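Numbering (the working numbering), first residue to last: 276 to 388.
Every residue, glycine too, gets a C-beta built ideally from N, C-alpha and C.
Please read these numbers as outputs of a predicted model, since none were measured by experiment.
These notes are about the structure you will find just below.
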């Protein structure tokens with residue numbers, strides 16, 4: 276039962292990380308100003324497809340880094356703290372910011388992506 280509870284908790288953190296990845300891609304791509312009718316409908320579909328697919332990949336990277344850091348480092352360190360969830364959430368945001376900076380450097384500065 277303990278392992279099932281831990282799996283459910285990491286599933287919730289993973290869903291949160293995936294949502295952060297999609298929100299980051301929404302921030303990068305900007306608002307979708309393409310009309311839904313006519314030829315613009317195809318561009319509308321491409322925008323949403325890119326938003327979800329790339330956002331989920333970025334969110335998956337965030338989730339994997341967070342879970343690895345949590346399992347191998349934070350689990351023992353946070354046993355004595357009262358606000359473990361808040362510390363983990365701040366860590367998730369910090370990892371998201373680091374991944375966003377790395378994505379920006381690779382895409383805009385070095386032009387690898």
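query	result
If you draw a straight line from the C-alpha of residue 315 to the C-alpha of residue 321, how long is it?	10 Å
Ordered along the chain, which non-local residues of its own chain (more than five positions away) have a Cβ less than 7 Å from that of residue 309?	315, 318, 319, 322
How far does the alpha helix (DSSP H) with residue 298 in it reach, from first residue to last?	277 to 304
With a CB to CB cut of under 7 Å and the five nearest residues on each side skipped, what residues in its chain are close to residue 300?	326, 329, 330, 333
For the candidate residues 287, 296, 305, 297, whose alpha-carbon lies nearest to that of residue 363?	287
Do residue 382 and residue 373 have their CB atoms nearer than 9 Å?	no
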